[in-house]
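Novice:
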Amino acid sequence: MVMKGQYLERPTIIASGDLFLEGLFHRGSRSPGTLIVSPLAEGGSPMELPITAELAWAMHQAQRATLRFNPRGFGASQGTPSGSAENLDDARAALRSLRQSQEGAIDQAPRLALVGVQDGGVAALELSREEPDLIALVLLSPPAALRERLLAAGGSKPPTFVLLPEGMGWEGSEDWGTVRIEEIAGTDPKFLKGLPLFGRAVTRFLDGLG
67 MVMKGQYLER PTIIASGDLF LEGLFHRGSR SPGTLIVSPL AEGGSPMELP ITAELAWAMH
127 QAQRATLRFN PRGFGASQGT PSGSAENLDD ARAALRSLRQ SQEGAIDQAP RLALVGVQDG
187 GVAALELSRE EPDLIALVLL SPPAALRERL LAAGGSKPPT FVLLPEGMGW EGSEDWGTVR
247 IEEIAGTDPK FLKGLPLFGR AVTRFLDGLG
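When we follow the numbering used here, the leftmost residue of the sequence shown carries the number 67, and every step to the right adds one.
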């Protein structure tokens, strides 16, 4: 039994093609519901990395639904680790699962957001271009190559927040178009310091969307 105010993520199974992926889902009463796309860390369970867990906790405190998952070949997810195309397929399947959960929990059409952590941002960015109803994209410490892709596209749709650890600012980076860029003081690229600062920054950004 879950008491009021307690935090409980429920294990969930996500169908991605012929494979089944493991995920953790938490209900929320505020929009947008948020899909967290974890980095493709070597071995282990990416969805249980401290930074991924911290983001899920921050969304819980903001009363937002979250879904985080292990891509194929990681944790208890079936399959073998693959390239970016397969990671996009897995993220697409997870977003579909999150949308279905929200359609059953709220009266209006679900409002959804994506958070991509490190190289998970590659799949998150591609998915955001496929899904016109997404209201926000957050890229947390993304690969530098994504900067060029955002620039080449003249910005991004939906509104995008690029969140960088201290000392990792993109050279010459300024907010442009629908993209906001922020370097968070007191954090580090390995996510050993200031984890709550990342979660609070994401929450503030989503709150500002109305």
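Ideal placement from N, C-alpha and C gives every residue a C-beta, glycine not left out.
These numbers were taken from a predicted model, which means no experiment stands behind them.
(1) Relative to the alpha-carbon of L206, which residue among E75, F271, R96 and P176 has its alpha-carbon at the smallest distance?
(2) Between the segment 187–206 and the segment 153–161, do three or more beta carbon pairs fall short of 8 angstroms?
(3) In angstroms, rounded to a whole number, what distance separates the CA positions of K259 and G252?
(4) With DSSP as the reference, identify every bridge partner of P77, one or two as the case may be.
(5) If the criterion is Cβ atoms closer than 8 angstroms, does the pair Q127 and R96 meet it?
(6) Report the residue from N153, L178 and A131 whose alpha carbon sits nearest the alpha carbon of G139.
(7) Looking only at its chain, what residues have a beta carbon closer than 7 angstroms to the beta carbon of A81, apart from the 5 residues adjacent to it on each side?
(8) Mapping DSSP to helix, strand and coil, what is P231?
(9) Rounded to a whole number of angstroms, what is the C-alpha to C-alpha distance between L133 and A267?
(10) Are there any heavy atoms of the ligand GDP lying less than 7 angstroms away from the beta-carbon of T132, as far as the coordinates show?
(11) State the CB to CB distance for the pair E249 and L230, rounded to an integer number of angstroms; the pair is presumed to be in contact (CB under 8 angstroms).
(12) Excluding the five sequence neighbours on either side, which residues of its own chain have a C-beta within less than 6 angstroms of the C-beta of R177, listed in chain order?
(13) Would F86 pass as a contact of R76 if the rule is Cβ separation under 8 angstroms?
(14) Let's test the definition: count the other Cβ atoms within 10 Å of the Cβ of L74 and tell me whether it reaches 16, buried, or not, exposed.
(15) Measure how close the beta-carbons of E88 and N136 come, nearest whole angstrom, since I'm counting them as under 8 angstroms.
(16) Out of Q166, P105 and K223, state which residue places its alpha-carbon closest to the alpha-carbon of A141.
Specialist: With the given structure in hand:
(1) For L206, the closest of E75, F271, R96 and P176 by C-alpha to C-alpha distance is F271.
(2) Enough Cβ pairs lie closer than 8 angstroms, so yes.
(3) If you take the alpha carbons of K259 and G252, they lie about 7 angstroms apart.
(4) For P77, which the question treats as bridged, DSSP gives the partners L90.
(5) Cβ distance not < 8 angstroms, so Q127 and R96 don't count as in contact.
(6) Nearest C-alpha to G139: N153.
(7) Once the five neighbours on either side are set aside, the close Cβ partners of A81 are A159.
(8) P231: strand per DSSP, three-state reduction.
(9) Their backbone Cα atoms lie some 19 angstroms apart in a straight line.
(10) The model on display carries no ligand, and the ligand GDP is accordingly not part of it.
(11) With 8 angstroms as the limit, E249 and L230 qualify as a contact, their Cβ atoms being about 5 angstroms apart.
(12) Excluding residues up to 5 positions away in sequence, S97, P98 and I201 lie with their Cβ nearer than 6 angstroms to the Cβ of R177 in the same chain.
(13) Contact flag unset, no.
(14) Result: exposed.
(15) With a Cβ gap of about 5 angstroms, E88 and N136 count as contacting.
(16) It should be pointed out that residue 141 corresponds to Gly in this sequence rather than to Ala. Cα-wise, what sits closest to G141 is P105.
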